[in-house]
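Chemist: Protein chains in written order, with the numbering used here: chain A, 2 to 478; chain B, 2 to 355.
Each residue gets a CB set at the ideal place from its N, CA and C atoms; glycine is no exception.
Note that the structure is a prediction, hence the values are computed from the model and not measured.
Please see the structure below; I have some questions.
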Amino acid sequence: MTHPPTAPPASPPGGQAATAHAPWPAPATPPAATPPAPPEPPRRSAFAEGAAQLRAAARTEPGRLRIVGAAVAGLLLLFGALTFYEITDRADAARTVEDSSQPLSADAAEIYRSLADANTTAAVGFLAGADEDPAVRERYERDIDNAARLLASAAAHSSDSASARQYIETLTEELPFYTGLVETARTNNRQGLPLGGAYLRYADQRMQDTLLTAAEELYELETRRFESDLAQARDRPWLALGAGTLALAALAWAQRRHYLRTNRVFNPGLVAATAAAAVLLVWLAGAHVMARGALSDADENAAQSLSALNGAWTEALKARGDESMTLVTRGAGSEFEDSYTTHMDALAAERGGLLPRAGELAEDAEGRTPVDAAVAATEEWQERHSVARELETAGAYDDAVEAVIGVERPEESTGESFDRVDASLAEAVEHEQREFTRAAADGHGALGGLTAGAVLLALLAALGTVLGIARRLSEYR
Amino acid sequence: MRARRERTVPRTTKRSRAGSRGRSRDARALLLAAGGLALAGAVLAGSLPDGTDGHRKAGKHAVAEPADEHGVGTVAERETCDDGRDAAESYPAERVEGSAVEEIQDRGQLIVGIDQNSYLWGYRTPDTGEIVGFDIDLVEAIAEDLLDTPDPDIVFRAIPTSERINALQDGAVDMVVRAMSITCERWEHVAFSTAYFETGQQLLAPRNSPIDGFDASMAGQRVCSAEGSTAAELLARESNGADLVTAPNHLDCLVQVQLGEADALMTDAALGAGHVAQDPSMELIGEPLTEESYGVAFNAEATDLVAWVNAVLEDYREGGAQSRWTAAAEARLEGYLYGENEPPPSPPEPLYRN
């Protein structure tokens with residue numbers, strides 16, 4: 002209800018609105034004023050007042066006509082106002098989903114991915130030692146830059162909830178600390194000191210415990226918010242639909258009454274009012290059904306696909322991180338290997354795995370192709386991983402490192418498989434993101450013009466009613 | 002810890018630092034006889050050449066002196082177990098092919114638990130990723146002998162301090178060569194070889210730290226040690242009011258000190274020397290608090306393997322200045338645990354159970 006011109010007609014109870022609009026003077030006003038329009042809910046008071054007026058003016062037909070006209074015009078204006086109000090609300094929610102809350106959720110997912118990838122890349126660089134490929138360093142830099150840029154943007158645009166701000170603050174504060182730790186690790190490594198490895202472990206722990214936790218919470222928060230916006234946009238405009246039905250019913254009754262009293266079938270004013278109100282009701286119902294359909298499409302197809310794909314991507318990154326950390330720690334224990342298995346299962350298990358689920362959710366070939374590619378790359382990754390793992394348990398540590406980071410033969414490493422999973426998922430996410438944006442824009446677009454139409458048609462209908470009744474009244478002069 | 006342990010920790014000397022310098026100097030003179038102190042002195046002398054403090058110089062001179070296990074009125078004394086044996090006593094050296102030895106020989110591969118974070122002792126060189134150090138040199142000698150080849154197949158498994166005993170018990174590794182102190186309590190779970198190095202627990206803090214000894218100056222300070230280490234046990238028994246922090250590895254403690262998340266750390270002087278070498282703003286504080294020996298640890302059942310490795314250690318120590326032990330010390334420890342141009346310390350004398 003932000004639009005001032007239409008708001009006033011909607012708020013006062015029907016009786017008063019009728020008097021304000023009625024082109025005729027004094028006669029009806031005294032009886033109308035007797036019950037001084039108490040501040041009750043619009044519809045009830047319209048009827049209550051109508052009843053009072055009916056009692057007061059029951060003896061004269063003009064009085065009754067004025068009451069009927071006021072009530073019907075009031076209902077029509079209420080219909081228009083409610084339509085304006087509810088559709089503005091739904092359209093705002095749809096626009097928020099499209100322009101702000103879904104992109105924020107996508108950005109939060111990307112922040113998480115950039116951080117996790119940076120951390121894994123740092124571990125791979127450590128494993129490679131002095132042979133570190135400049136591309137590895139560049140990838141780390143790119144990840145950090147990307148995370149920092151998205152964080153700055155999230156700080157500027159994020160939903161204004163205190164917890165979102167809290168997470169962004171934590172991330173913004175911790176990121177330079179993390180990069181500082183990684184740089185200290187590098188410096189020590191270059192001096193040949195094992196202290197570098199200890200710094201890297203510390204940095205990894207910090208990343209897992211603080212940064213990635215905050216990024217995950219932020220993603221979940223923004224996703225919940227976007228889902229609630231989406232639900233709000235899809236919420237049916239029940240009040241407006243109810244008011245519209247009621248207004249049409251009132252018009253029908255008024256016309257039947259008119260017919261019974263005068264034997265005349267048509268009153269042009271009332272017919273025009275009926276037509277305008279019916280158009281508005283059909284438009285309202287139709288537009289919202291279309292918007293709802295498009296938004297459901299955005300939700301059930303694109304958004305759920307996105308959620309599965311983002312989840313799969315996260316699991317892939319975690320599995321890759323564990324795979325590298327197994328070698329970094331060079332341990333006798335199987336802590337990281339167990340964690341790798343858990344994440345790999347969450348990613349690829351035939352039952353309940355996120356990749357198979359994303360495959361099921363993919364709507365079209367364009368969406369399915371990259372998911373299939375990711376599935377194939379994951380299978381290859383798992384095979385290569387078991388080879389690397391066998392090498393490691395057999396004590397061929399250097400060969401295991403080679404099989405994981407692929408300095409000599411990059412095309413045969415698990416890293417290469419992971420990169421393909423990564424790239425395929427990026428493609429799939431991009432596709433679903435486009436689908437989502439398109440569907441959300443459709444949904445938003447379906448509601449376009451309806452608010453202006455509601456104001457115009459309701460005013461037309463009210464005017465028609467007033468003119469129609471005035472014409473009848475003139476017959477009593 | 003059920004073992005009887007006499008640790009007349011130097012409350013008198015440390016607490017009255019300002020009041021009784023003379024007395025503490027006397028005490029220090031006595032302490033010089035103790036092997037552990039000798040080592041600590043060497044550490045300081047070697048790693049902090051600019052140190053002008055009295056006891057640092059004294060320590061330097063003491064390096065070559067043979068360790069006296071039964072020093073009088075010392076800070077630290079060797080541990081004697083409940084049955085009256087010295088903790089460092091091991092099974093007599095002999096090469097007998099029992100089941101444990103055969104298993105390794107059949108496999109053709111030795112799986113060793115090591116540390117990749119102990120500078121000078123066992124660490125990963127960041128540029129090549131290779132594991133090197135004094136402990137690793139010993140592992141190579143053992144593997145060459147056991148597998149009877151100059152180029153043995155060795156699998157290094159890095160294990161956290163707290164997992165050393167578990168890894169041996171569940172057979173994940175054949176032996177642990179990881180700067181592991183021989184203690185009576187550990188003898189109840191695993192077996193040890195004869196001693197291959199002597200050291201003692203010591204505090205390590207930044208130079209500007211208010212901590213000046215194992216005493217009340219530690220109160221309110223955060224002191225870090227590795228989980229499951231002798232240092233952690235010692236601090237748990239007597240914290241002197243310090244807040245205790247633990248980390249998976251003693252090197253993680255150095256990270257915490259550097260980042261200001263801990264104020265000091267405790268480890269043994271030999272590993273501490275590695276810390277000072279990596280961060281010269283750190284210094285070893287006071288005297289070693291214990292007198293401990295490093296030994297190779299085994300599954301308690303693998304007595305044949307212990308005896309075999311003891312025989313390898315006999316050869317390793319043999320030959321005075323030409324021994325492999327001395328060569329390893331010169332390659333790994335010179336300039337850190339003792340001065341650049343000084344003779345290396347002597348290997349500890351092996352003690353055997355009768």
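What is the DSSP secondary structure of Thr247(B), counted as helix, strand or coil?
Modeler: As a working mapping, residue 247(B) is identified with position 246 in the second sequence. Of the three classes helix, strand and coil, the one that applies to Thr247(B) here is strand, per DSSP.
Chemist: With 16 other CB atoms within 10 Å as the buried threshold, where does Tyr168(A) fall?
Modeler: For the purposes of this step, residue 168(A) is taken as residue 167 along the first sequence, with counting starting at 1. Buried is the call here.
Chemist: What are the residues that DSSP puts in a beta bridge with Glu284(B)?
Modeler: In the second sequence, counting from the first residue as 1, residue 284(B) sits at position 283. Answer is Ala206(B).
Chemist: Counting only beta-carbon atoms, is Tyr337(B) nearer than 7 angstroms to chain A?
Modeler: Translated into the one-based positions of the second sequence, residue 337(B) becomes position 336. Tyr337(B) does not count as touching chain A.
Chemist: Closer than 7 angstroms by C-beta to Asn118(B): which residues in its own chain qualify, once you throw out the five before and the five after it? Chain order, please.
Modeler: Along the second sequence, one-based indexing puts residue 118(B) at 117. Cβ within range, chain order: Tyr124, Asn250, Leu252.
Chemist: Quick check on this structure: which residue in Phe419(A), Asp100(A), Asp132(A), Gly64(A) has the alpha carbon closest to the alpha carbon of Ala317(A)?
Modeler: As a position in the first sequence, residue 317(A) is number 316, starting the count at 1. The option with the nearest alpha carbon to Ala317(A) is Phe419(A).
Chemist: Does Gly396(A) come out as helix, strand or coil in the three-state DSSP assignment?
Modeler: In the first sequence, residue 396(A) corresponds to position 395, counting from 1. Gly396(A) falls in the coil class under three-state DSSP.
Chemist: For the alpha helix (DSSP H) holding Gly181(A), just list the boundary residues, first then last.
Modeler: As a first step, residue 181(A) must be located in the first sequence, where it is residue number 180. Run containing Gly181(A): 163 to 191, per the alpha helix (DSSP H) assignment.
Chemist: For Asn300(B), would you say it is in contact with chain A, using Cβ-to-Cβ distances shorter than 7 angstroms as the test?
Modeler: Here residue 300(B) corresponds to residue number 299 of the second sequence, with the count starting at 1. For Asn300(B), the answer is no, since every Cβ of chain A falls outside 7 angstroms of its Cβ.
Chemist: Helix or strand or just coil, what does DSSP make of Val69(A)?
Modeler: Taking the first residue of the first sequence as 1, we reach residue 69(A) at position 68. Val69(A): helix per DSSP, three-state reduction.
Chemist: Kindly list, in the order they appear in chain B, the residues whose Cβ is closer than 7 angstroms to that of Thr330(A).
Modeler: Working through the first sequence from its first residue, we reach residue 330(A) at position 329. Correct list: Ala159.
Chemist: Write down every uninterrupted run of the beta strand (DSSP E) in the stretch 175 to 246 of chain B whose length is 3 residues or greater and which is fully enclosed by it, in chain order.
Modeler: The stretch 175 to 246 of chain B contains these whole beta strand (DSSP E) runs: 191 to 200, 202 to 207, 223 to 227.
Chemist: Under 7 angstroms between the Cβ atoms of Gly130(A) and Val137(A)?
Modeler: On the first sequence, residue 130(A) is found 129 positions in, with the first residue counted as 1. On the first sequence, residue 137(A) is found 136 positions in, with the first residue counted as 1. No, the Cβ-Cβ distance between Gly130(A) and Val137(A) is not below 7 angstroms.
Chemist: Is the beta carbon of Ala144(B) less than 7 angstroms from the beta carbon of Pro153(B)?
Modeler: Residue 144(B) sits at position 143 when you count from the first residue of the second sequence. Residue 153(B) sits at position 152 when you count from the first residue of the second sequence. Their beta carbons are under 7 angstroms apart, which means Ala144(B) touches Pro153(B) by this criterion.
Chemist: Would the stretch 178 to 193 of chain B count as touching the stretch 295 to 302 of chain B if we require 3 or more Cβ pairs under 8 angstroms?
Modeler: They touch, by the three-pair rule.
Chemist: Does DSSP put Phe157(B) in a helix, a strand or coil?
Modeler: As a working note, residue 157(B) is residue 156 in the second sequence. It is a strand residue.
Chemist: Tell me the rounded alpha-carbon separation between Trp188(B) and Ser306(A).
Modeler: Translated into positions along the second sequence, residue 188(B) becomes position 187. Translated into positions along the first sequence, residue 306(A) becomes position 305. When rounded, the distance between both Cα atoms is 58 angstroms.
Chemist: In whole angstroms, give me the CA-to-CA distance for Glu80(B) and Leu222(A).
Modeler: By 1-based counting over the second sequence, the position of residue 80(B) is 79. By 1-based counting over the first sequence, the position of residue 222(A) is 221. When rounded, the distance between both Cα atoms is 58 angstroms.
Chemist: Taking Cβ-Cβ distances shorter than 7 angstroms, what residues in chain B pair up with Gly195(A)?
Modeler: As a working mapping, residue 195(A) is identified with position 194 in the first sequence. Here residue 195(A) turns out to be Pro, not Gly, going by the sequence shown. Chain B residues near Pro195(A): Gln117, Asn118, Tyr120, Tyr124, Arg125, Leu252.
Chemist: Answer yes or no: does any C-beta atom of chain B fall closer than 7 angstroms to that of Val368(A)?
Modeler: Taking the first sequence and counting its residues from 1, one reaches residue 368(A) at position 367. According to the sequence displayed, residue 368(A) carries Gly and not Val. No - not a single Cβ of chain B is within 7 angstroms of the one on Gly368(A).
Chemist: Consider the Cβ of Thr129(B): report whether some Cβ of chain A lies at a distance smaller than 7 angstroms.
Modeler: Position 128 of the second sequence, counted from the first residue, corresponds to residue 129(B). It does; some Cβ of chain A falls within 7 angstroms.
Chemist: If you measure beta-carbon to beta-carbon, which residues of the stretch 411 to 438 of chain A are closer than 7 angstroms to chain B?
Modeler: Flagged: no residues at all.
Chemist: My assumption, with CB atoms under 8 angstroms, is that Gly340(B) sits in contact with Trp122(B). Please give the rounded CB distance.
Modeler: Taking the first residue of the second sequence as position 1, residue 340(B) is located at position 339. Taking the first residue of the second sequence as position 1, residue 122(B) is located at position 121. Going by Cβ atoms, the distance from Gly340(B) to Trp122(B) rounds to 19 angstroms, so no, they are not a contact pair.
Chemist: Quick check on DSSP: helix, strand or coil for Phe267(A)?
Modeler: Numbered from its first residue, the first sequence carries residue 267(A) at position 266. Reduced to three states, the DSSP call for Phe267(A) is coil.
Chemist: Which of the three DSSP states is assigned to Leu49(B) in this structure?
Modeler: Taking the second sequence and counting its residues from 1, the one referred to as residue 49(B) is at position 48. Residue confidence for Leu49(B) is low, a pLDDT of 41 falling below 50, so the modelled location carries little weight; the figure read from the coordinates is stated next. Coil.
Chemist: Would you call the stretch 105 to 120 of chain B in contact with the stretch 216 to 225 of chain B, where contact means no fewer than 3 C-beta pairs closer than 8 angstroms?
Modeler: No contact exists between the stretch 105 to 120 of chain B and the stretch 216 to 225 of chain B.
Chemist: Would you kindly work out how many angstroms separate the C-alpha atoms of Leu314(A) and Leu348(A), rounded to a whole number?
Modeler: Taking the first sequence and counting its residues from 1, one reaches residue 314(A) at position 313. Taking the first sequence and counting its residues from 1, one reaches residue 348(A) at position 347. In the sequence under discussion, the amino acid at residue 314(A) is Trp, which differs from the Leu named in the question. So the two alpha carbons sit approximately 8 angstroms from each other.
Chemist: Give the interface partners of Gln110(B) over in chain A, defined as CB-CB distance under 9 angstroms, in chain order.
Modeler: Here residue 110(B) refers to the residue found at position 109 when the second sequence is read from its first residue. Neighbours of Gln110(B) on chain A, chain order: Ala395, Gly396.
Chemist: Taking DSSP as the reference, what is the three-state secondary structure of Ala117(A)?
Modeler: As a working note, residue 117(A) is residue 116 in the first sequence. It is helical.
Chemist: How big is the Cα-Cα spacing for His22(A) and Val467(A)?
Modeler: Counting from 1 along the first sequence, the entry for residue 22(A) is found at position 21. Counting from 1 along the first sequence, the entry for residue 467(A) is found at position 466. Residue confidence is low: His22(A) scores 45 on pLDDT, short of 50, so the model does not pin down where it sits. No coordinate-derived value is stated.
Chemist: Can you give me, in chain order, the residues of the stretch 188 to 220 of chain A that have a beta carbon less than 9 angstroms from any beta carbon in chain B?
Modeler: Listed by position along the chain: Asn189, Asn190, Arg191, Gln192, Gly193, Leu194, Pro195, Leu196, Gly197, Gly198, Ala199, Tyr200, Arg202, Tyr203.
Chemist: From Asp118(A) to Asn311(A), what distance separates their C-alpha atoms?
Modeler: Counted from its first residue, the first sequence places residue 118(A) at position 117. Counted from its first residue, the first sequence places residue 311(A) at position 310. So the alpha carbons of these two residues sit roughly 14 angstroms apart.
Chemist: What does the alpha-carbon distance come out to for the pair Arg96(A) and Ala441(A)?
Modeler: Residue 96(A) sits at position 95 when you count from the first residue of the first sequence. Residue 441(A) sits at position 440 when you count from the first residue of the first sequence. So the alpha carbons of these two residues sit roughly 8 angstroms apart.
Chemist: What does DSSP give as the partner residue(s) for Phe127(A) in the beta ladder?
Modeler: The residue labelled residue 127(A) in the question sits at position 126 within the first sequence. The partner list for Phe127(A) (beta bridge, DSSP) is empty, contrary to what the question assumes.
Chemist: Tell whether a beta-carbon distance below 7 angstroms holds between Leu352(B) and Glu90(B).
Modeler: Position 351 of the second sequence, counted from the first residue, corresponds to residue 352(B). Position 89 of the second sequence, counted from the first residue, corresponds to residue 90(B). Yes, the pair counts as a contact, with Cβ atoms nearer than the cut-off.
Chemist: Using a Cβ-Cβ distance under 7 angstroms, would Glu131(A) count as near chain B?
Modeler: For the purposes of this step, residue 131(A) is taken as residue 130 along the first sequence, with counting starting at 1. Strictly speaking, residue 131(A) in this sequence is Ala, with Glu absent from that position. So, interface residue.
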